[in-house]
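Protein chains in written order, with the numbering used here: chain A, 151 to 515; chain B, 151 to 515; chain C, 151 to 515; chain D, 151 to 515. Ideal placement from N, C-alpha and C gives every residue a C-beta, glycine not left out.
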């Protein structure tokens, strides 16, 4: 259930409602924005309406409504302004398209630094790079581990770009959180609930990739694990789903990005590299992602893709990335994205326009 | 095999090569553009290289190469300039995004004419409307048949918009061809080979929808049936594929549009209505389709979607369509599409830029 | 809606109910079995309960219930005894597993007759063989057409095996019906509604293959087209669906066979050849199909699979087929199938046991 | 590469080959059976044939062949006899079908013990029961954890049935290994490589479920992680894959079981409960799994499925399970399974019959 307080509710009235919820052994999740306070009530036993009936007449309460979806904290029902996730000063979900770029795997100091400088000068806002690599075969390159983390840190110091890198195991969470600015949950780990529960307690933003066979609802429920566990700074990432089509590595599901934006206040970005698996399709997929309303892109770039230890076929080279960034010029960055989130003529009937001015960085208590 | 004639080959030299091919009981497909003549050799028994070895040294022959893909006539190997399909003066595959709009089913004179006038004034170039409807259940509305065709003709006379409508059976081909400007093959009929063979002999352009579980290659091979049978005026249409995701009606596969554009010279359009199944997602999907390089859109519009006899949930109302058309303004129509087909920085390495100046309407003999 | 007459209803009472339904312009579908008469009421406008309210108190009427599924005539709601389809004396859906076998394509008189004699002596009940072949590529072997039909007829005369062969187009229905005992609708044509409507009027049984991306409900609705149009003799055939798995040609969905048997009274058979695409998997898939309760199998057999013009990789040779038939011995043919349809302990709670004694060959009026 | 020693090779000759491999910094995996010794050579850098060329002429070496598949240790290329995994005396992969049964989640002492006694007396060989539950929603019942493990231990002491239960996290491996006889990797964790690496070092057998969108090759590569890391006692479990079909919870892929048996020496079992999601389909799916050659079944059973905290709709009640076990009588357990693994007429051409007499429990060094 979701309790909406009236605009004029006092802090005391809100506190009293929270207490009452806690007295029934339910967990209140408070969400304040410029206009109102909303309190989500979470319980594994689904509170019977009777139990909290008295809340309906409590001072300051405007209305109590049931939760529409199987998820709550990630939904636009509990928070109508879009969340902006701040990663080392980069605002994901804000007015501009955020581009994260870098190699699939960190392979060497030279490879990483060359790439980092190049993507920065082309306009990227964040650096990506794999230290711990999930590989289908145990005989493939598994990443440089902590050595890679140190190189990523060095690259941040040189370029100022915040770092996003994957964490594959609860045991690595602390060390990765020490070096990286944002922790990525890979597609295969989207429903690694032990990992999600651990990341919910970390003070770093999380990039949550959609599983290759996850429905939009399963994806949002995975994010709900993070928010319910205490971490409000979550960015979703569509990276293609598994279908019968073999011409592309996965099937990029851009309508899912638009649909996710209707259902959740969290930012959503797109990984055109894994989605297509083909370098030549990355620019078109990136443009389309921007046009559909994605808040950002995460793109694989390598100085010499043909020598890459992983994912060479889908990596842009430095020049190709620079051309792509030109392509995604101002018209796309602002005008095209505008309509989706700010005007969205039709969507606006069921999902009212989002006041971007007042958005705040992930603001659960 | 594909024979490329040198730029200086004379008409006589070309004729002699064609004769030689025919003497071996193979079928030559000649493709001429501004710069060169290419002759595709089709045979069910795959001509052994030896058989035509003598061609290699024939006067005017530049090179002979094997066919790269299971399809040939639709491929960019045989025709490097993009095909523009002319439908009653509307050029699909040309410089501008072509928007076809109208009701899922023609339901009445009033409904159709009201819609036709509205989509025209909003900027649509063609009118769509179903006369014969493929319905999953025999108990659902099956379309008005010939009565609908007559109304479509009237709508064309009133608005000047060329008509596209579905033909479901070889038996209906003649009557539909009499009234409509372009014949649509529905997704479920993409591999109705009897229908394809019949449409190959018709003097109308064909809109070929991708089957809900067709790979890109199967889709192009279905188009190959049309070209091999004699009809060069084919437009492909991506309309979503079937996957595990149930939040959208189908999964819109925009990377397939970009990939198809790499593989074929035929125009490719997108149906965001069937792909998403949700009215609220149609604008974002349309923008993304334009950005990925689609040559057009086919969109369901109904004056009163809640009363529609079919597909109401995915139909825009008249106002919604007008807003969408504003959204798809000049920047998208030209600048965004430009790069895909004309600059396409990376793609250009493997697939050279297409000289749009010199494109000709479907030009097989 | 479905009207169940009481066991003691007289013919006159039944007639009067039918008349009343017709007076309201609805179409009654009468189903009589040993115990009772059931009348399905079909209407495109879904009769409002009020309209037929008076029927509730008509003499002989036991109860009126709404239709549970989008389909009606194929459902077990309207006919609780299993349908047995008789094809030239072979009873599909009866007590024994029916095995249809033969080449993918009829290639020559020798090939066909050699195969026909071999599969007969191994125990097959029917001969399959393609005359008109749906091929993904226009350049592949498309079948011998009417010449193949004549050879199939000759094979029947020599061996006594009834013939099943595919019909791809409304235009070929008459000629195929003249030569074959059972007409097959291929997977790609499952929703070729023009073809279904035409086959509904033919006096031959129809084998309806499941489309590669058809849900069970869509499959049953395709069968509903045939029954609603007047042909009660329909056999369903599972042949694998399209998924991401590439190790097998399709994904054999045997749980769909068991589920279909819960939902429909029509017989269901399995095509292990197309489902797996690998000769070595056909025996195991056949045993599993028998164990899951399938009423029959349709298997590709070729004297020299490595020389086959189509589907060689999935065809058994003559010896392999004979071994498979040994494998599917009496225990499987009777004991294993028994439980599914006659005892089915758990299923029996929701779906009562079917009295096989009283089944009649397709018995809609 | 794979080195096959001749039948007469001496222990010394084998040792010398092993040494030579190690001198090149490659890792040898030795596999001995009654007839011969095979040595697999693992390396991330794929040893160039030249490097080990000298091995070809080493005393005792019969032949050196390249690895056919991306996996090696799980393949039948390196071990031709089927592996039997012993779990507390129960031999999975041996002559009999092994049935594991029990509740989805351990909910209480009474529920577990009642179920354990009932499934034992019905003929089950092992007890399943979830202590740590992977749940799509954070608000669903997450399992009783260690309390459940203690109850499982008590159930084993009372019934003698070995225990299989899921482990979701590296952190829980030790405690689960202390209480359970076999550790299950859930479908969502199939590519949780950190978990796989940890389980590779444990002295308990592992039950590895196929991921809902994992290809057969990805599944076998996940098992390869376990064998490469040192744990040879791995049982594979097919539990349905994700497709567009919604009538069943997942799509049971039985042909994948038959195909996996061709590719690997590891035992393969089937979970008909998760695969179908419907109680009424479990008996038919179980029979089919046995017929296709599965080595076992894992089935959800609950005393009162309608009160179950998870997966009630797919759980059999105690009586239903007993009926199913009757159904899967001796004819199925032996005769039907026989052909698949021991006779398999056709398969036997490419994959020779497996001498079951001499199989040994997981026998990598």
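Leaving out five residues before and five after residue 467 of chain B in sequence, what residues of the same chain have Cβ atoms less than 6 angstroms from its Cβ? Excluding sequence neighbours, residue 467 of chain B sits near 455.
Residues sharing a beta bridge with residue 445 of chain D, DSSP: Partner residues in a beta bridge of residue 445 of chain D, as assigned by DSSP, do not exist.
Go ahead and label residue 363 of chain D buried or exposed: buried means 16 or more other beta carbons lie within 10 angstroms of its beta carbon, across all protein chains shown. Buried is the call here.
Under 8 angstroms, Cβ to Cβ, is there at least one residue of chain A near residue 192 of chain D? When Cβ-Cβ separations below 8 angstroms define contact, residue 192 of chain D makes contact with chain A.
Should the stretch 336-347 of chain A be regarded as contacting the stretch 299-307 of chain A, the criterion being three or more beta carbon pairs within less than 8 angstroms? In short, these stretches do not touch, since the Cβ pair count stays below three.
Note down, in chain order, every chain B residue with its Cβ under 9 angstroms from the Cβ of residue 378 of chain C. 288, 289, listed in chain order.
Exposed or buried, residue 351 of chain D, counting other C-beta atoms within 10 Å across all chains shown (16 or more means buried)? Here residue 351 of chain D is exposed, its C-beta having fewer than 16 other C-beta atoms within 10 Å.
Could you check whether the Cβ of residue 394 of chain D sits closer than 8 angstroms to any Cβ belonging to chain B? Residue 394 of chain D counts as touching chain B.
Given this structure, state the Cα-to-Cα distance separating residue 490 of chain A from residue 331 of chain B, to the nearest angstrom. Note that residue 490 of chain A has pLDDT 32, beneath the 50 cutoff, so the model's placement of it is unreliable and the number below is only indicative. Answer to the nearest angstrom: the Cα atoms are 34 angstroms apart.
On a Cα-Cα basis, can you pick out the residue from C/276, C/452, C/460, C/462 that is closest to residue 125 of chain C? Outside the shown range of chain C, which is 151 to 515, sits residue 125 of chain C, and nothing can be said about it.
Please work out which residues of its chain come closer than 8 angstroms, Cβ to Cβ, to residue 475 of chain D, disregarding the five sequence neighbours upstream and downstream, and give them in chain order. Contacts found: 249, 272, 273, 274.
Could you tell me the distance, in whole angstroms, from the CA atom of residue 459 of chain C to the CA atom of residue 289 of chain C? Computed Cα separation, rounded: 12 angstroms.
Taking 8 angstroms as the threshold (C-beta atoms), are residue 245 of chain D and residue 154 of chain D in contact? Going by C-beta atoms, residue 154 of chain D is not nearer than 8 angstroms to residue 245 of chain D.
Counting only beta-carbon separations shorter than 8 angstroms, does residue 320 of chain D have a partner in chain A? At least one chain A Cβ lies under 8 angstroms of residue 320 of chain D.
Does the Cβ-Cβ distance between residue 342 of chain D and residue 383 of chain A come in under 8 angstroms? It is not a contact, given that the beta carbons lie outside the stated cut-off.
Since residue 179 of chain A sits in a beta bridge, which residues does DSSP pair it with? A/190, per the DSSP bridge assignment.
Any C-beta of chain D under 8 angstroms from that of residue 140 of chain C: Any property of residue 140 of chain C remains undetermined from this structure, which presents chain C solely from 151 to 515.
Residues of the stretch 357-375 of chain A with Cβ closer than 7 angstroms to any Cβ of chain D, in chain order: Listed in sequence order: 362, 363, 368, 371, 374, 375.
When the cut-off is 8 angstroms and only beta carbons count, does residue 456 of chain C lie next to chain D? For residue 456 of chain C, the answer is no, since every Cβ of chain D falls outside 8 angstroms of its Cβ.
In three-state terms, what does DSSP make of residue 210 of chain A? Note: residue 210 of chain A maps to coil in three-state DSSP.
Taking 8 angstroms as the threshold (beta carbon to beta carbon), is residue 461 of chain D in contact with chain C? So no, residue 461 of chain D is outside the interface.
In whole angstroms, what separates the C-alpha of residue 522 of chain B from that of residue 208 of chain B? Within the shown structure, residues of chain B are numbered from 151 to 515, placing residue 522 of chain B beyond reach of any answer.
Which residues in the same chain have their Cβ closer than 8 angstroms to the Cβ of residue 158 of chain A, if we skip the five residues on either side of it in sequence? Here residue 158 of chain A has 210 as same chain residues with Cβ atoms under 8 angstroms from its own Cβ, once five neighbours each way along the sequence are excluded.
Taking C-beta pairs closer than 7 angstroms, name the residues in chain D that residue 443 of chain C reaches, listed in chain order. In chain order, 434 make up the part of chain D whose C-beta sits under 7 angstroms from the C-beta of residue 443 of chain C.
Relative to the C-alpha of residue 234 of chain C, which candidate in C/464, C/416, C/465 has its C-alpha closest? For the set C/464, C/416, C/465, the Cα lying nearest the Cα of residue 234 of chain C is the one of C/416.
What separation, rounded to the nearest whole angstrom, lies between the Cα atoms of residue 434 of chain A and residue 247 of chain A? Going by the C-alpha atoms only, they are around 16 angstroms apart.
Neighbouring residues, chain D, relative to residue 425 of chain C (Cβ below 7 angstroms): Neighbourhood of residue 425 of chain C in chain D, by CB distance below 7 angstroms: 405, in chain order.
Can you tell me whether residue 310 of chain C is buried or exposed? The criterion is at least 16 other CB atoms within 10 Å of its CB, across all chains shown. Looking at its Cβ environment, which holds fewer than 16 other Cβ atoms inside 10 Å, residue 310 of chain C is exposed.
Counting contacts by CB-CB distance shorter than 8 angstroms, is residue 157 of chain A in contact with chain B? No, residue 157 of chain A does not count as interfacial toward chain B.
With a Cβ-Cβ cutoff of 8 angstroms, do residue 367 of chain D and residue 397 of chain C count as a contact? Yes, they are a contact pair.
Pairwise C-alpha distance: residue 177 of chain D and residue 286 of chain B: C-alpha separation (whole angstroms): 58 angstroms.
Quick one: Cα of residue 358 of chain C to Cα of residue 322 of chain C, how far? Straight through space, the alpha carbons of residue 322 of chain C and residue 358 of chain C are spaced by roughly 16 angstroms.
Contacting positions in the stretch 322-341 of chain B - beta carbon closer than 7 angstroms to chain G: Going by chain labels, chain G is absent from the structure shown, which instead holds the protein chains A, B, C and D.
Excluding the 5 residues preceding and the 5 following residue 355 of chain A in the sequence, name in chain order all residues of the same chain whose CB lies nearer than 6 angstroms to its CB. Only residues of its own chain outside the window of five on either side were considered, and among them 235, 237, 332, 383 have a CB closer than 6 angstroms to the CB of residue 355 of chain A, listed in chain order.
CB-CB under 7 angstroms to residue 292 of chain B, same chain, minus the five flanking residues each way: which ones, in chain order? Excluding residues within five positions, the ones whose Cβ falls inside 7 angstroms are 283, 285.
Just grab the DSSP bridge partners of residue 334 of chain D for me. Bridge partners of residue 334 of chain D: D/316, D/357.
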